[in-house]
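Okay, so here's the structure we're looking at.
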Amino acid sequence: MNKKIKILDAVKEKDILQAVKIIQEGNLVAVPTETVYGLAADARNVDAVKKIFTVKNRPSNHPLIVHISSLDKLSQWATDIPPIVEVLAKNFWPGPLTLLLKKNDKVDDIITGGLSTIAVRIPNNKPLLQVLNLLDTGLAAPSANPHKRISPTTPEHVIAGLSGKIDAVLDDGPCNIGLESTILDLTHHNIRILRHGPITKKMIETVIGFAIESPLIHEESVSGNMKTHYQPYTKTSLMSLSEIETQISLLGNGEKKIGIIHYSDLKIACEDIKTIQLSNNKEQYSKFLYHALHELDKINASQILVETPPHNDSWSDVFDRLLKACAVDDSSSR
Ligand code: TXA
Ligand code: MG
């Protein structure tokens, strides 16, 4: 498979229609969402969904999120839907909250990796909602990056990662949020966060009125929650600003470039060091984090150093992604 990726313009109706047609023909389109770009296939078309796994090199036991356009479609994918869904949907949909529910029997195992649960969300992106409304099916869409790599927040990132492997990308510019949705498991008595995201534990608790669990130390038994994920090809490490300064002072003459992502002030004038300063505002930081990692991964650096972000409720998704981006895999699967 070596296809040139067609760039479709999300503001043009004819391009939206073309994205719909490609999906209806059983092929893949990278679509914009408010979080990251997704690699979308008709969730009712098993052969199309299989292509997602091939293109991403994703193990078949890593289930996919199904994207729908309205709450009334949820019962096509899930069953035994608890009343709390209505409260959550009213407050957070369309938006970056994925709900894990019991799967409807009609949903093929390919989507759920053979599990009895299904992950569903309504994305908050106008062109994607247009596509979903025209299709009248759900779209299975993982992030549009090779397995375990940095998620794409621009069409350029999609093309860099999946060039030659997919038909088209629907270009809606950079994603507004820049980090993947929160995943909330509603299939057990105790509600729990499976993946931290832009909708934080506190935001959910405020809306539902009681405490939820958020066990997020690395736990293989939670599907898709791998120790290493979101990884640049360049070795990446988390450290404090003073540790970064020490590393710089130890850098020998003529040593290879290093990349630095920081949000505190750091003054360096050295052409072998490329720095990207992100905002200390969480939303702005999230929006540009993956972009910064993609950029520094291109400069052929020996390593990327990332200033450790705050570790609190509102930064929990950033912290989670960076821990995984910097983790070292002790198995041989990388
Ligand atoms: O923001 C997002 O959620 C983006 C956009 C495209 O919507 N999608 C995304 O998908 O991040 P993906 O496949 O990269 O990550 C989805 C995660 C995976 O870790 C997967 O294992 C988990 O959701 N997941 C999906 N279905 C599941 C299930 N039935 N049980 C447990 N985990 C599930
Ligand atoms: Mg992903």
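By UniProt numbering, the letter at position 201 of the sequence shown is numbered 201, and the numbering carries on one by one without gaps.
In this text, a Cβ means the ideal position worked out from N, Cα and C, and glycines have one as well.
No experiment lies behind these values; they were computed from the predicted model shown.
Supposed close pair residue i, residue j - CB separation, criterion 8 angstroms
{"i": "I68", "j": "G113", "result": "About 19 angstroms; that fails the 8 angstroms criterion."}
{"i": "S249", "j": "L305", "result": "Not quite, the Cβ-Cβ distance comes to about 13 angstroms (not below 8 angstroms), so this is no contact."}
{"i": "L8", "j": "Q24", "result": "At roughly 14 angstroms, the Cβ-Cβ gap does not stay under 8 angstroms, so L8 and Q24 are not in contact."}
{"i": "T182", "j": "I199", "result": "4 angstroms"}
{"i": "V85", "j": "L64", "result": "Rounded, the Cβ-Cβ distance is 19 angstroms, inconsistent with contact."}
{"i": "E307", "j": "L251", "result": "17 angstroms between Cβ atoms; not a contact."}
{"i": "T117", "j": "L97", "result": "Contact doesn't hold; Cβ gap of about 16 angstroms is too wide."}
{"i": "D320", "j": "K202", "result": "Contact flag wrong, Cβ pair sits at about 15 angstroms."}
{"i": "V31", "j": "L162", "result": "Not a contact, Cβ separation roughly 13 angstroms."}
{"i": "L186", "j": "A10", "result": "No, L186 and A10 are not in contact; Cβ-Cβ is about 31 angstroms, not under 8 angstroms."}
{"i": "E34", "j": "N176", "result": "5 angstroms"}
{"i": "L323", "j": "P309", "result": "Not confirmed; about 10 angstroms, so no contact."}
Contact set for residue i: own chain, Cβ-Cβ below 7 angstroms, skip 5 residues either direction
{"i": "S151", "result": "V36, S143, N145, E180, Y230, Y290"}
{"i": "V87", "result": "V207, I208"}
{"i": "I204", "result": "L184, I212"}
{"i": "D172", "result": "A10, P32, N125, P127"}
{"i": "N45", "result": "G26"}
{"i": "V107", "result": "W77, I118"}
{"i": "S332", "result": "Residue confidence is low: S332 scores 42 on pLDDT, short of 50, so the model does not pin down where it sits. Its coordinate-derived value is still stated next. No residues qualify anywhere along the chain."}
Simplified DSSP assignment, three categories, for residue i
{"i": "I295", "result": "Note on residue identity: the sequence assigns Glu, not Ile, to residue 295. Helix, per DSSP."}
{"i": "G95", "result": "coil"}
{"i": "G164", "result": "strand"}
{"i": "S143", "result": "strand"}
{"i": "V120", "result": "strand"}
{"i": "H157", "result": "helix"}
{"i": "L241", "result": "helix"}
{"i": "D42", "result": "strand"}
{"i": "A89", "result": "helix"}
{"i": "L184", "result": "strand"}
{"i": "L194", "result": "strand"}
{"i": "T79", "result": "strand"}
{"i": "L101", "result": "strand"}
{"i": "V36", "result": "coil"}
{"i": "S333", "result": "The predicted position of S333 is uncertain, since its pLDDT is 41 and thus under 50; no value can be drawn from it."}
{"i": "D72", "result": "helix"}
{"i": "T246", "result": "helix"}
Where the alpha helix (DSSP H) through residue i begins and ends
{"i": "D15", "result": "13–24"}
{"i": "R321", "result": "316–326"}
{"i": "M226", "result": "It is not in any alpha helix (DSSP H) - M226 carries neither H nor E in the DSSP assignment."}
{"i": "V49", "result": "46–56"}
{"i": "T112", "result": "109–112"}
{"i": "L179", "result": "Careful: L179 lies outside any alpha helix (DSSP H) and carries neither H nor E."}
{"i": "L135", "result": "126–135"}
Extent of the continuous beta strand (DSSP E) run through residue i
{"i": "D171", "result": "168–171"}
{"i": "A211", "result": "Segment: none, A211 is in no beta strand (DSSP E) and carries neither H nor E."}
{"i": "Q303", "result": "303–307"}
{"i": "K148", "result": "Unbroken run through K148: none, as it is neither H nor E."}
{"i": "G259", "result": "258–262"}
{"i": "D265", "result": "First-last for D265: undefined, no H or E at that position."}
{"i": "I65", "result": "65–67"}
{"i": "I276", "result": "273–277"}
{"i": "K6", "result": "6–9"}
Own chain partners of residue i with C-beta closer than 6 angstroms, once the 5 adjacent residues on each side are dropped
{"i": "D317", "result": "L179, H196, G197"}
{"i": "K14", "result": "none"}
{"i": "T154", "result": "P174"}
{"i": "L293", "result": "I150, P232"}
{"i": "L71", "result": "A89"}
Cut-off 8 angstroms between Cβ atoms - residues of its own chain near residue i, not counting five sequence neighbours on either side
{"i": "E268", "result": "Just to set this straight, residue 268 is Ile in the shown sequence, not Glu. Excluding positions up to five away in sequence, the list reads I248, I260, T275."}
{"i": "N57", "result": "P146, H147"}
{"i": "Q284", "result": "L278"}
(message) I need the residues with a C-beta less than 6 angstroms from some heavy atom of the ligand MG; please give them in chain order.
(response) P142, S143, S151
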